[in-house]
Amino acid sequence: MEKLNIHRLKETLKYLESKQRELKRQNENETRSLESMIKYLKKDMLEHFELSNHHQSIKEEIKNTDAFIENVKNIIEINS
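Take the sequence shown: its letter number 30 is residue 30 in my numbering, and every next letter is one higher.
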């Protein structure tokens with residue numbers, strides 16, 4: 001993965017992490033819009049950065065945002 005893509009992936013990951021923290025803080029308040037945004041962001045990252053080429057099981061783990069974030073961190077570490 002190119003350095004530019006790694007930088008963009010890091011920035012996108014930071015945004016995803018901030019939305020995940022926000023979702024956790026919301027507790028049981030209205031969270032559907034945040035959940036939708038996070039779901040879309042993960043799918044977009046998966047496709048845009050071709051993450052499945054770098055991590056075999058990332059597609060199966062896409063529903064678990066915390067696991068997805070950890071996998072993306074590993075991809076960044078390996079490719080930095």
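Even for Gly, the Cβ is constructed at its ideal location relative to N, Cα and C.
Remember, it's a predicted structure, so these values are computed and weren't measured experimentally.
Item, Value
"Cutoff 8 Å; reference K73; Cβ partners in own chain excluding five residues on either side", "L13"
"Proximity winner among K3, D44, K10, relative to E70 (alpha-carbon distances)", "K10"
"CA-to-CA distance, I38 to K24, given in whole angstroms", "12 Å"
"Burial state of K42 (16 or more Cβ within 10 Å)", "buried"
"Candidates E17, N27, E2, I78, of which the one nearest N64 by Cα", "E17"
"Status (buried if at least 16 other CB within 10 Å, exposed otherwise) for I75", "buried"
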